[in-house]
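Numbering (the UniProt record's numbering), first residue to last: 1 to 260.
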């Protein structure tokens, strides 16, 4: 079998952070000898999440079994997701922002037995829906648990309590037309309707300004998708939430923001 060196576009700070979590977990469980030390297990996990390396490739590269690679990655993801902030914790930071940007994204998945709930008519493919909150500079602040891809963005935001939380905190929030009717502190662009087939010049100007602000939110989604594992999940879609939460923790450590 041929092998070659590869790089992971993350700093040693992120590797050390995850390795320390794994080391503490092993000490608490009084875990016996493992095939990989905490640093190597952390590197294995980052290669899977950031580069999207399969378990087969990881097993060959780290000279362990495929089942062992899967178990090590799942253990690390569970440790990270347990440290992720819920919406209430995130709101303490979000309410300090000048304004927030709310958007939804579809994370593609493999076809599953119960396909209908996961099929997005908008994107014409199967996936899970994740809601993303960004700051005024387009930096990723928080991502929601995943819902089936057929869930509308507004429904997903209401299900997670995002609209109510933003309104209670009085945070001005910009969102696209998919959030029409959200009310509260959420601002959406003007939309053409049957009784209003044309928008006025002022409404068009407002929509252009709104689009410029909202476009920054695309940076947060792009940041999330730099973790190649999210290009297409090849696991049970119920594991999507833990993966997204784990990535959010690692992203904040890498960006050195919001990391306690």
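Beta carbons are placed, not taken as given, at the ideal position from N, Cα and C, and that holds for glycine.
- Around the beta carbon of residue 149, 16 or more other beta carbons sit within 10 angstroms, so the residue counts as buried.
- Around residue 253, the same chain offers 13, 14, 17, 259 as residues with beta carbons nearer than 7 angstroms, after the five sequence neighbours per side are excluded.
- The alpha helix (DSSP H) runs lying completely inside the UniProt domain "DDE Tnp4" (102-251) and spanning 4 residues or more are 153-159, 162-168, 201-215, 217-225, given in chain order.
- No residue range can be given for residue 63, since it is assigned to no alpha helix (DSSP H) and is classified by DSSP as neither H nor E.
- Boundaries for residue 36: no alpha helix (DSSP H) harbours it, and the DSSP string shows neither H nor E there.
- The three-state secondary structure of residue 47, taken from DSSP, is helix.
- When the alpha-carbon of residue 51 is set against those of 233, 206, 228, the nearest one is in 228.
- Short of 7 angstroms from the beta carbon of residue 23, and not among the five residues preceding or following it, lie these beta carbons of its own chain, in chain order: 38.
- Contact between the segment 86-98 and the segment 161-176 is present: 3 or more CB-CB pairs across the two stretches fall below 8 angstroms.
- Relative to the Cα of residue 119, the nearest Cα in the group 249, 147, 140, 135 belongs to 147.
- Within its own chain, the residues whose Cβ lies closer than 8 angstroms to the Cβ of residue 217, once the five positions on either side in sequence are excluded, are 101, 102, 103, 132, 134, 138, 174, listed in chain order.
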